[in-house]
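Notes to accompany the following structure.
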Amino acid sequence: MSAIAVSCSNANVAQKKGEQSMAIGEYYTASLEFKKAYSNTPSKDKQKRAERAFLLADSYRRYGMTQKAMAAYKNAIRYNHADTISLYQLGQMQLRSGQYKAAEQTFKEYLTLVPDNEMAQAGLKSAEIAPTWKESPNLYSVKKETILNSRRTDYSPMIIGDDAAQLVLSTTRDDTEGDEINGVNGVKYGDLFIAKKNEHGKWEKPELIEGDVNTEYDEGASCLSPDGKLMYFTRCSSDPDYPRYAEIWRVIRNDASWGAATKCDISKDTLSSFAHPAISPDGQWLYFVSDMPGGEGGLDIWRTRITNDGFGGVENVGRPINTPGDEMFPTFKPTGELYFSSDGHPGMGGLDIFKATPTYEDTDGPEYGDNTNTGRAPDNWIVENQGYPLNTNGDEFGMTFEGVHNRGYFCSSRGDGKGYEHIFSFELPEVVQSVTGWVYEKDGYELPEALVYMVGNDGTNEKLSVRGDGSFTQVIKPNVDYIFLGTCKGYLNVTNELRIEPSEESEEHVLQFPLPRIDVPVLIDNIFYEFDRAELTPESEESLDMLTDMLTDNANVTIEIGAHCDYRGVDIYNLDLSQRRAQSVVNYLIKHGINKDRLTAVGYGETMPKKVTRRMAEKYDFLSEGDELTEEFITNLPEEQQEVCNSLNRRTEFKVLRTTYVPVVDAAATKSE
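Letter by letter, the sequence shown follows residues 163 to 835 of the numbering used here.
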């Protein structure tokens with residue numbers, strides 16, 4: 163057999179192997195085989211050279227080797243590759259290289275052949291507008307975060323916690339688990355790592371995330387549920403005989419580590435990929451990326467409702483977000499805007515980051531999170547490219563935000579000749595007024611089932627869900643008076659008022675909503691009496707005014723004021739003193755506008771020792787939950803601990819008697835009607 167025949171035979175074998183690798187998504191492995199096939203193809207066999215140059219270019223393009231792909235597409239065109247797609251892809255690679263003039267000419271040439279191609283039209287517009295954006299950058303500032311990055315790919319950062327002191331990222335760095343090389347991109351399989359800030363607020367080197375999240379497979383883009391207890395992430399399994407289908411998995415957080423991951427059964431479609439999860443701020447929708455049938459083309463963003471029984475069907479978010487190109491890496495800002503990356507909208511080249519603001523057909527109220535739209539998917543979106551320097555001719559994706567502020571982290575392949583992505587911080591100068599509230603049981607723990615109603619004198623009327631830790635965060639407007647009402651079944655309501663003044667700097671206002679339980683006595687903090695007397699001291703007024711406000715907010719409640727003494731002193735004297743003290747509190751409330759019919763004063767003396775709650779046991783390590791602070795219990799303690807227990811027994815509490823009280827005026831009005 164001649165040398166030429168041997169060479170042709172080798173080329174054919176290499177091409178077949180490359181096609182097999184392409185079929186299962188191993189683009190790096192495919193590129194090695196296509197390069198062999200192309201190199202072993204005689205230059206006079208132009209048809210084969212064109213075909214193999216195109217296959218080589220396509221494999222390079224798919225794993226980010228832009229310069230190599232561009233050169234290979236040029237070879238395919240030079241050898242008269244029959245499919246005009248090579249001309250289109252050359253234009254895309256020129257965009258990704260920042261060669262805007264060349265890209266403009268290439269797209270114009272392609273459009274003379276295929277004039278109605280939407281993606282080519284978008285490519286031409288990109289080539290025309292990108293230089294203008296670069297000459298007039300917006301106010302985004304961007305900085306590469308050295309400590310978070312490695313010599314390989316680091317991408318899809320995700321901030322954890324309200325203090326933004328932890329960050330989960332995906333990486334293919336050398337110290338990932340396993341040693342196998344990924345046939346998709348020629349580097350190690352990715353794992354999820356976590357970085358933490360030190361006491362000086364500086365990032366420390368990322369480490370493998372604890373728990374059973376990482377495997378020998380690829381673990382990628384992740385997101386957290388609003389309560390921070392559930393993480394969704396992308397996993398790509400590896401099988402030598404089947405395509406690389408991405409899947410979405412989830413894992414529950416147990417203290418500082420994560421448990422065993424389980425696969426999310428989003429659809430019965432087993433021949434499509436499901437990746438890049440994002441949870442809507444209300445926690446009721448899972449957004450994700452898929453190539454399943456029924457989309458706009460390429461990879462699209464889809465969504466499914468999260469229910470107690472799993473997922474409630476899938477739907478494509480449609481235009482204007484999705485295009486015939488690829489839309490990927492959705493992520494939400496807590497204020498409701500969806501950020502995603504696309505190569506189908508006009509942009510700087512490669513994947514650009516876009517902001518999609520939700521809109522609703524009923525526009526009488528706020529757009530996201532009001533009592534009409536909570537849990538409802540938006541009817542439409544307003545899509546905006548985030549411009550330069552956040553976007554470049556490289557790939558930008560994977561936004562994560564520090565709360566409601568326009569600062570956080572993302573990843574970009576800018577400036578990396580090998581196409582690796584790295585993590586950058588970003589900030590957009592802004593003045594944001596926000597409120598963070600905490601709803602919890604008075605003298606107890608957070609209330610994740612709570613709701614907060616926010617009403618403003620500008621017409622604002624919203625119902626806010628809280629996170630798993632009982633907190634919520636909301637952007638608010640200057641020159642508006644707000645009332646916040648914290649509610650939860652089985653608890654009394656608590657109101658806060660807030661007047662927002664104009665400010666030249668961002669401000670965060672913090673509100674507390676300690677909700678009293680209806681079914682147990684509730685301690686009234688900081689109630690003080692004159693020594694051995696029933697008169698209230700001036701230091702008690704703040705707490706009594708808060709109690710007055712709470713009774714005003716809960717107008718259908720009647721309460722008992724109970725005063726208690728410690729075991730020291732004569733029993734009958736303690737009963738009389740505690741009765742007079744309870745009556746002093748009732749008199750104060752009546753004087754400040756609370757109807758006397760709603761109030762009952764009872765002095766218990768020393769007859770009802772305090773029972774230790776879990777929260778008290780956490781504060782005083784010598785006590786256990788359920789202990790009863792009787793005289794016998796206290797006298798067996800050291801003297802210092804005895805005084806603590808006596809002070810706990812000396813207390814003023816209230817308990818709810820009825821929740822059906824009707825004020826006299828209202829009752830009369832009802833009768834007359």
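Every residue gets a Cβ at the ideal spot worked out from N, C-alpha and C, and that includes glycine.
Next item on the list: Return the chain-ordered list of same chain residues with a C-beta closer than 8 angstroms to the C-beta of Trp420, the five sequence neighbours on each side being excluded.
Entry: Within the same chain, Cβ atoms closer than 8 angstroms to the Cβ of Trp420 are found at Ile371, Glu372, Gly373, Asp374, Val375, Met393, Val413 and Ile414, the five residues on either side in sequence being excluded.
Item checked: Close beta carbons around Pro299, own chain, < 6 angstroms, minus the five adjacent residues each side -> The residues are Tyr550 and Pro551.
Item checked: Between the CA atoms of Leu673 and Ala557 - distance to the nearest angstrom -> According to the sequence shown, residue 557 is Asp rather than Ala. Roughly 40 angstroms between the two C-alpha positions.
Note to self: Within a Cβ cutoff of 6 angstroms, which residues of the same chain sit near Asn172, ignoring the five residues on either side of it in sequence?
What the structure shows: Leaving aside the five residues that flank Asn172 on each side, the residues in its chain whose CB is nearer than 6 angstroms to its CB run, in chain order, Asn202.
Margin query: Just to confirm my understanding: we take Val764, look at its own chain, exclude 5 residues before and 5 after, and list those with CB closer than 8 angstroms. What are they?
Written below: Sequence-distant Cβ neighbours of Val764 in its own chain, meaning closer than 8 angstroms and more than five residues away, are Glu722, Ile723, Gly724, Ala725, Gln741 and Ala744.
Next item on the list: State whether the region 603 to 611 contacts the region 622 to 637, with contact taken as three or more CB pairs (one from each stretch) at a distance under 8 angstroms.
Entry: Judged by Cβ distances under 8 angstroms, the region 603 to 611 makes contact with the region 622 to 637, as three or more pairs qualify.
Check: By DSSP, does Gln745 sit in helix, in strand, or in coil?
Finding: Gln745 falls in the helix class under three-state DSSP.
Checklist line | Minimum Cβ-Cβ distance from Ser248 to chain D less than 7 angstroms | finding: No chain D is present in this structure, which holds just one protein chain.
Check: At what residue ranges does the region 760 to 784 contain a whole run of the alpha helix (DSSP H), taking only runs of 4 or more?
Finding: Correct list: 776 to 781.
Next item on the list: State the Cα-Cα distance for the pair Asp389 and Phe795, rounded to the nearest angstrom.
Entry: If you take the alpha carbons of Asp389 and Phe795, they lie about 40 angstroms apart.
Notebook entry, point to check: What are the residues that DSSP puts in a beta bridge with Phe216?
Noted result: When beta bridges are read from the DSSP output, Phe216 appears opposite no residue.
Next item on the list: Taking 7 angstroms as the cut-off, decide whether the C-beta atoms of Asn237 and Ala215 are in contact.
Entry: The beta carbons of Asn237 and Ala215 sit closer together than 7 angstroms.
Margin query: In the DSSP output, which residue or residues are listed as bridge partners for Cys398?
Written below: DSSP lists Asp380 and Ala408 as partners of Cys398.
Item checked: Simplified DSSP assignment, three categories, for Asn174 -> Three-state result, Asn174: helix.
Notebook entry, point to check: Skipping 5 residues on each side, what residues in its chain have a beta carbon closer than 8 angstroms to that of Thr814?
Noted result: Leu685, Ile686, Ile689, Ile723, Gly724, Ala725, His726, Arg743, Ala744 and Val747, listed in sequence order.
Checklist line | Cβ neighbour criterion (16 or more within 10 Å) applied to Tyr602 | finding: Result: buried.
Note to self: Given this structure, state the Cα-to-Cα distance separating Val304 from Phe588, to the nearest angstrom.
What the structure shows: So the alpha carbons of these two residues sit roughly 5 angstroms apart.
Next item on the list: Count the other CB atoms, across all protein chains shown, that sit within 10 Å of the CB of Asn470; report buried if there are 16 or more and exposed otherwise.
Entry: Counting Cβ neighbours within 10 Å, Asn470 comes out exposed, since fewer than 16 surround it.
Notebook entry, point to check: Short check: CB of Leu354 to CB of Glu378, under 7 angstroms?
Noted result: Result no, Cβ atoms of Leu354 and Glu378 do not sit closer than 7 angstroms.
Margin query: Between Met712 and Val656, how many whole angstroms is the CB-CB distance? I'm expecting something under 8 angstroms.
Written below: Right, their Cβ atoms sit about 6 angstroms apart.
Checklist line | Backbone CA spacing between Gly506 and Pro293 [nearest angstrom] | finding: Straight through space, the alpha carbons of Pro293 and Gly506 are spaced by roughly 18 angstroms.
Next item on the list: Measure the beta-carbon distance from Asp488 to Leu448 and round it to whole angstroms, keeping in mind my assumption that it falls under 8 angstroms.
Entry: No, Asp488 and Leu448 are not in contact; Cβ-Cβ is about 19 angstroms, not under 8 angstroms.
Check: Going straight from the alpha carbon of Glu477 to that of Glu458, what length do you get?
Finding: Rounded to whole angstroms, Glu477 to Glu458 spans 12 angstroms at the Cα level.
Note to self: Classify Glu667: buried if its beta carbon has 16 or more other beta carbons within 10 angstroms, exposed otherwise.
What the structure shows: Exposed, by the Cβ-count rule.
Checklist line | Where Asp648 falls, given that 16 or more other Cβ within 10 Å makes a residue buried | finding: It is Gly, not Asp, that sits at residue 648 in the sequence shown. Residue environment for Gly648: buried (at least 16 other C-beta atoms within 10 angstroms of its C-beta).
Notebook entry, point to check: What does a CB cutoff of less than 7 angstroms around Ile645 pick up in its chain, not counting 5 residues either side in sequence?
Noted result: Result list for Ile645: Val617, Thr657 and Glu659, in chain order.
Notebook entry, point to check: Tyr823: which of Lys773, Ser332 and Leu761 sits nearest, CA to CA?
Noted result: Considering only alpha carbons, the answer is Leu761.
Check: Which residue from Ser248, Phe784, Thr792 and Glu790 puts its Cα closest to that of Pro800?
Finding: When only C-alpha atoms are compared, the closest one is Phe784.
Check: In three-state terms, what does DSSP make of Glu793?
Finding: The answer is helix: DSSP assigns Glu793 an H, G or I state.
Check: CB Leu791 to CB Gly767, shorter than 7 angstroms?
Finding: Their beta carbons are not under 7 angstroms apart, which means Leu791 does not touch Gly767 by this criterion.
Next item on the list: Pull up the CB-CB distance for Ala440 and Thr493, whole angstroms please, since I reckon it's below 8 angstroms.
Entry: That belief holds up - the Cβ atoms of Ala440 and Thr493 are roughly 5 angstroms apart, short of 8 angstroms.
Item checked: Asp193 classed as buried or exposed, judged by whether at least 16 other C-beta atoms fall within 10 angstroms -> Inspection of the sequence shows that residue 193 is occupied by Ser rather than by Asp. Burial call: buried.
Note to self: Suppose the cutoff is 7 angstroms on Cβ atoms and the five residues either side in sequence are ignored; what does the same chain contact list for Ser705 look like?
What the structure shows: For Ser705, where only same-chain residues beyond five positions count, the Cβ hits under 7 angstroms are Ile686, Asp687, Asn688 and Ile689.
Check: Around the Cβ of Ala717, are there at least 16 other Cβ atoms within 10 angstroms (buried) or fewer (exposed)?
Finding: By the Cβ-count criterion, Ala717 is exposed, with fewer than 16 other Cβ atoms from all chains shown falling within 10 Å of its own Cβ.
Item checked: Gln636, DSSP secondary structure in three states -> Note: Gln636 maps to strand in three-state DSSP.
Notebook entry, point to check: Shortest alpha-carbon distance to Val175 belongs to which of Glu188, Lys198, Tyr222 and Tyr189?
Noted result: When only C-alpha atoms are compared, the closest one is Lys198.
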